[in-house]
């Protein structure tokens, strides 16, 4: 297939940015046969990032496997906020790390001690490829995945938790609904069940003055703030130009051991 044929196939499949996608697919393919396969996958609705095997995130190329959650452009704001709080040498935990995009972006901003965790084995494999040497990546459910010695020592805990209400999953674009793991999308009845678990469980892991940062939606922000306050964290809301919302909270006294 030549570039023109790829563009035509993508347009016929409904791809809005067919020219840009065609160039990426052509660059990713090593043979004409491989290009045809990639084009078929994309035309069938698989996310472009999974097809080419990577996503761009804050200037980094994040490796992806089929079926792994694709990092969103809006989540760069979460990484930016976390990087601003991570002093040199800080202990940073990327919880619900997915492919490790947020942790990788924070690590690229300065020297930190990075730990990441996710419940999805495929995501953990990707994170281990994407995070810098020295980072530790664990598989498990939220804080259960973390080593006990980290308690009271985390300076920045960043979590891109799922926050789509269960009832709204059917409204997602097919790319997400059919090709990304439900566990990375489904936030429970109101979308905030995982956020509440993280907020409630965070204080014993945070160092004195440590921060928790979680992405959510504008509509969910007031309830998320309540969850932070109920956990003993002092909540703050930050909103980016493209309406990404980050709820931040910190502790000022070391938690009782």
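Residue numbers (our numbering): 12 to 268.
Think of the CB as a built atom: it goes at the ideal place given N, C-alpha and C, for glycine as much as any other residue.
Check	Outcome
Which residue comes first and which comes last in the alpha helix (DSSP H) that contains residue 31?	29-39
Where does residue 182 land, buried or exposed, given buried means 16+ other C-beta within 10 angstroms?	exposed
Given a threshold of 16 other Cβ atoms within 10 Å of its Cβ, counted over all protein chains shown, does residue 28 qualify as buried or as exposed?	exposed
If contacts are defined as beta-carbon pairs under 8 Å, then residue 148 and residue 142 qualify, I think. What distance do you get, rounded to the angstrom?	6 Å
Can you tell which of 65, 185, 260 and 230 has the C-alpha that lies nearest to the C-alpha of residue 26?	185
Just the Cα atoms here: how many angstroms apart are residue 59 and residue 137?	17 Å
Assuming residue 63 and residue 17 are in contact, meaning their beta carbons sit under 8 Å apart, how far apart are those beta carbons, in whole angstroms?	Not confirmed; about 13 Å, so no contact.
Jot down the residue ranges of each uninterrupted alpha helix (DSSP H) in the stretch 30-97, minimum 4 residues, whole runs only, in chain order.	43-54, 59-63 and 87-96
Helix, strand or coil: how does DSSP classify residue 101 here?	coil
Under the three-state reduction of DSSP, which class applies to residue 110: helix, strand or coil?	coil
Quick one: Cα of residue 20 to Cα of residue 54, how far?	7 Å
Between which residues of its own chain and residue 268 is the CB-CB distance below 6 Å, once the five residues before and five after are set aside?	The predicted model places residue 268 with a pLDDT of 31, which falls under 50 and marks its position as unreliable; any figure quoted below should be read in that light. So the list is empty, once near-sequence residues are dropped.
Could you check the C-alpha separation between residue 308 and residue 253 for me, to the nearest Å?	In the structure as shown, the chain starts at 12 and stops at 268, and residue 308 therefore has no counterpart that could be examined.
For residue 198, which residues of its own chain have a beta-carbon under 8 Å away from its beta-carbon, when the five flanking residues on both sides are left out?	172, 173, 174, 175, 176, 177, 204, 205 and 206
Grouping DSSP H, G and I as helix and E and B as strand, with all else coil, what is residue 243?	coil
Count the C-beta pairs between the stretch 100-110 and the stretch 146-164 that are closer than 8 Å, then say yes if the count reaches three, no if not.	yes
Ignoring anything shorter than 4 residues, give me the alpha helix (DSSP H) runs that lie fully in the stretch 172-236, in order along the chain.	185-190 and 204-212
Within the same chain, show all residues whose beta-carbon is closer than 7 Å to that of residue 30, passing over the 5 residues directly before and after it, in chain order.	18
Among 165, 195 and 118, whose alpha-carbon lies nearest the alpha-carbon of residue 328?	Summary: the structure shown does not reach residue 328, with the chain confined to residues 12 through 268, and so no result is reported for it.
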